[in-house]
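Read in order, the letters of the sequence shown are residues 1 to 94 in full-length UniProt numbering.
No residue lacks a Cβ here, since even glycine has one placed at the ideal position from N, Cα and C.
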Amino acid sequence: GNVSCVEFLLKHGASVNVVNKAKETPLFIACEHGNADIVELLLRYGAQVNLTCNQGTSALHEACRYGNPRLCEMLLDAGADLKTKNIYNIQPIF
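What follows is the structure, given as structure tokens:
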């Protein structure tokens with residue numbers, strides 16, 4: 001499945017913190033899609049939890065936006081910042 005594909009890529013040198021044109025990381029996208037298994041894997045490989053996209057939105061913003069308490073807990077345990085504000089001056093939990 002997706003987890004084994006992502007793990008294969010990471011084991012073979014793919015950057016865990018690579019970004020797309022919108023500066024979204026794999027962690028951000030995994031949170032956007034609610035994929036806890038991928039989030040756990042990315043965190044294990046050292047994903048930086050407080051990176052933000054070009055709108056200042058973090059992975060924690062996405063986990064909160066989609067109402068996923070499991071992802072929120074995983075990110076907070078990994079050091080996610082509750083006080084990060086995006087360009088709209090919104091914190092993950094408001």
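Residue of the options minimising C-alpha distance to residue i
i	options	result
Gly34	Cys53, Cys72, Gln91	Cys72
Val39	Asn20, Val6, Ala22	Val6
Ala36	Asn20, Gln48, Arg70	Arg70
Cβ shell of residue i (< 6 Å), same chain only, five flanking positions each side left out
i	result
Pro26	Leu42
Val19	Thr25
Element boundaries [alpha helix (DSSP H), containing residue i]
i	result
Lys85	Looking at the DSSP string, Lys85 is not in any alpha helix (DSSP H), and its letter there is neither H nor E.
Cys53	That residue, Cys53, is in no alpha helix (DSSP H); it is neither H nor E in DSSP.
Ser4	2 to 11
Pro26	26 to 32
Sub-8 Å separation of residue i and residue j beta-carbons
i	j	result
Cys64	Ile93	yes
Ala80	Ser58	yes
Residues near residue i by beta carbon distance below 7 Å, same chain, minus five either side
i	result
Leu10	Val16, Tyr45
Anticipated Cβ contact below 8 Å, residue i with residue j, distance rounded
i	j	result
Leu60	Leu75	5 Å
Gly56	Lys85	7 Å
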